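Each remark here refers to the structure printed beneath this line.
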Amino acid sequence: MILLALRVPVAAALGLVAIVGMYLLVGERATWGVMRSVPHAFAAHWSLSAIPMFLFMGYVCFSAGLTDGLFRVARAWLNFLPGGLAISSVGGAALFSSVTGSSVACAAAMGKIAVPAMLDRGYDAKLAVGTIAAAGTMGSLIPPSTILLLYAVFAEVPVSELFIGAVIPGLLTALMYGLMILLRVKHNPALAPRETSVDWRERFLALGETWPLFLLVITVFGGIFAGLFSATEAGAIGALASIAIGFAKRTLSWEALKAAAFETIRSTSAIFLIAVAAALLTRLFAFAGFPDYVQGLIGEDMSPLLIIIAVSLIYLVLGMFLDPIGVMLLTLPVLLPIFETADISLIYAGVMITKYLEIGLITPPVGLNVFVIKNVVADKVSISDVFRGVGWFLLADVVTVAILIAFPATVLWLPSLISG
């Protein structure tokens with residue numbers, strides 16, 4: 000934590016602590032042995048192959064313009080509601096999340112489309128920017144989330160069960176955000192002028208523009224949930240299908256494809272560096288006997304509810320200051336033995352951790368998504384107004400988390416269906 004506070008890169012901080020700790024515990028020879036074996040063994044993990052596949056799928060879909068119509072679809076179907084354009088932005092972000100797997104990418108892409116549209120229509124600026132900053136966080140929760148994929152590898156849980164376990168919480172998050180907007184606009188109509196009605200023909204025309212993307216998402220995730228192929232195979236199918244659709248529609252150029260490949264390599268490299276360092280830290284904790292120590296410390300009487308609440312506080316505090324992936328990989332070596340000792344479902348824990356990390360993306364003082372949106376709007380809205388705008392959505396997140404804690408079945412019901 001001291002190294003991270005000093006702004007040392009996450010991968011360097013985790014790796015340095017792990018290497019020095021192992022050297023002090025088991026000596027130079029054993030440390031070199033771990034450093035030779037763990038990075039290769041971890042990076043060669045089959046499930047990790049899904050990360051570049053899904054990242055590439057998302058970048059190709061964006062580069063080919065396949066995601067451009069998502070906001071129009073949501074707007075056509077939801078603009079009849081009070082605050083319809085803001086609610087449409089939430090719906091569009093949820094749809095965009097199903098192909099991107101990244102909160103920052105979702106916030107940036109939707110911010111460029113939806114924020115100018117809302118400001119041009121006379122929406123309250125704080126409502127407009129707050130909506131997109133908050134809605135963008137769903138990219139971390141709605142599959143194919145990179146955070147969920149990494150968690151599945153570290154916790155050794157099936158990716159398919161983790162993905163489907165995040166579906167209801169993701170939809171619940173979107174519902175709570177939409178309900179928050181609806182109630183605020185009902186209470187204060189000046190926040191958002193009423194939108195003109197759209198007839199059914201326009202709604203279906205808008206839907207028709209994006210049918211290839213919907214078909215892609217249904218094929219990829221329907222195949223995972225039906226057990227037809229693994230997450231890695233689904234990612235590869237999705238990446239190839241997105242390329243084929245882009246070339247068929249003549250919206251994808253070779254230059255755009257190369258740019259998408261470069262962005263995939265850059266993002267994957269950064270993620271894998273952090274993940275390998277965290278794997279070394281996990282080995283350090285194993286050498287130190289930490290899992291056995293935790294099991295003896297907690298015993299069998301610790302309430303799972305208290306553990307979940309304590310974990311929520313830990314992640315909400317760390318999420319205020321640190322990168323979500325770094326926070327998760329820093330804490331998982333400590334928390335996974337606790338979950339197993341307390342008999343807490345690792346599927347449930349993974350979804351809850353992801354939700355907590357999602358909240359950290361819009362929490363002061365760092366709030367990564369807040370700064371992404373500030374960069375999009377430039378001088379039109381101040382950073383303090385963006386933070387004020389997301390404050391209402393933090394209240395909606397509190398309600399969502401309370402529901403998930405009170406009713407674990409919201410996470411575990413769908414995975415129980417596919418696991419038999």
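Taking numbering that gives the first Met the number 0, the leading residue of the sequence shown gets 0, the next gets one more, and so forth. Beta carbons are placed, not taken as given, at the ideal position from N, Cα and C, and that holds for glycine. As the structure is a computational prediction, the values presented were derived from the model and not from experiment.
| Can the beta-carbon of residue 274 be found closer than 9 Å to that of residue 47? | yes
| request: Would you give the residue range spanned by the alpha helix (DSSP H) that residue 339 belongs to? | output: Unbroken alpha helix (DSSP H) run through residue 339: 323-340.
| field | Outcome for residue 302 when other beta-carbon atoms lying within 10 angstroms are tallied against a minimum of 16 | value | Exposed, since its Cβ has fewer than 16 Cβ neighbours within 10 Å.
| said: Only counting the same chain, and skipping five residues up and downstream in sequence, which positions put a Cβ closer than 7 Å to that of residue 407? | reply: 347
| field | Straight-line Cα distance separating residue 270 from residue 70 | value | 29 Å
| said: On a Cα-Cα basis, can you pick out the residue from 386, 327, 304 and 356 that is closest to residue 341? | reply: When each option's Cα is compared against that of residue 341, the closest is 304.
| Quick one: Cα of residue 215 to Cα of residue 60, how far? | 10 Å
| Assuming residue 423 contacts residue 417 under a Cβ cut-off of 8 Å, what Cβ separation, rounded to an integer in Å, is found between them? | Missing from the structure shown is residue 423; the chain here goes from 0 to 419 and no further.
| request: Please state whether DSSP places residue 247 in a helix, a strand or coil. | output: helix
| query | For residue 41, which residues from the same chain have a beta carbon less than 6 Å from its beta carbon, with the 5 sequence-adjacent residues on both sides left out? | reply | 275 and 278
| field | Whole-angstrom C-beta distance between residue 323 and residue 360, which should lie under 8 Å | value | 7 Å
| said: Report the CB separation of residue 100 from residue 54 in whole angstroms; it is logged as a contact under 8 Å. | reply: The pair is a contact, with the Cβ atoms about 7 Å apart (cut-off 8 Å).
| field | residue 282, buried or exposed, once every other Cβ within 10 Å from all chains shown has been counted against 16 | value | buried
| Three-state secondary structure assigned by DSSP to residue 106 | Of the three classes helix, strand and coil, the one that applies to residue 106 here is helix, per DSSP.
| query | How is the alpha helix (DSSP H) around residue 56 delimited, first residue to last? | reply | 49-62
| task | My understanding is that residue 327 touches residue 358, with C-beta atoms under 8 Å, so please give their C-beta distance in whole angstroms. | result | Actually they do not touch by this definition, with Cβ atoms about 13 Å apart.
| Is the beta carbon of residue 387 less than 9 Å from the beta carbon of residue 68? | no
| Boundaries of the alpha helix (DSSP H) in which residue 262 is found, first to last residue | Taken as a continuous stretch (DSSP letters only), the alpha helix (DSSP H) holding residue 262 covers 253-286.
| query | CB residue 124 to CB residue 384, shorter than 9 Å? | reply | yes
| task | Please determine, among 58, 332, 36 and 25, the residue with the shortest C-alpha to C-alpha distance to residue 265. | result | It is 58 whose Cα lies nearest to the Cα of residue 265.
| field | Collapsed DSSP secondary structure at residue 229 in the structure displayed | value | coil
| field | Identity of the residue in 308, 252 and 334 nearest residue 284 by Cα | value | 334
| residue 396 - containing alpha helix (DSSP H), residue span | From DSSP, the alpha helix (DSSP H) with residue 396 extends over 382-405.
| query | What alpha helix (DSSP H) runs, 4 residues minimum, are completely inside the stretch 73-145? | reply | 83-99, 102-119 and 124-134
| field | Check whether residue 85 and residue 184 have beta carbons under 9 Å apart | value | yes
| message | Between 17, 411 and 375, which has its C-alpha nearest residue 113's C-alpha? | response | Nearest C-alpha to residue 113 among 17, 411 and 375: 375.
| Would you report the Cα separation of residue 363 and residue 144, rounded to the nearest angstrom? | 23 Å
| task | Starting from residue 222, follow the alpha helix (DSSP H) in both directions and report where the run begins and ends. | result | First-last of the alpha helix (DSSP H) with residue 222: 210-224.
| said: For residue 230 and residue 158, which I take to be in contact (beta-carbon distance under 8 Å), what is that distance rounded to the nearest angstrom? | reply: 4 Å
| said: Contact defined as beta carbons within less than 8 Å: I believe residue 88 pairs with residue 134. What is the distance between those atoms, to the nearest angstrom? | reply: 6 Å
| said: Judging by CA-CA distance, which residue of 246, 220 and 248 is the nearest neighbour of residue 235? | reply: 220
| Got a sec, what are the start and stop residues for the alpha helix (DSSP H) residue 66 sits in? | Looking at the DSSP string, residue 66 is not in any alpha helix (DSSP H), and its letter there is neither H nor E.
| said: Beta-carbon within less than 7 Å of residue 356's beta-carbon, same chain only, minus the 5 sequence neighbours each way: which residues are those? | reply: 139, 146, 314, 318, 323, 326 and 327
| What number of angstroms, rounded off, separates the C-alpha of residue 424 from the C-alpha of residue 206? | Nothing can be reported for residue 424, as the shown portion of the chain is limited to 0 through 419.
| task | Measure the CB-CB distance between residue 248 and residue 211 and report whether it falls below 9 Å. | result | yes
| message | I need the straight-line Cα distance from residue 49 to residue 256, nearest angstrom please. | response | 19 Å
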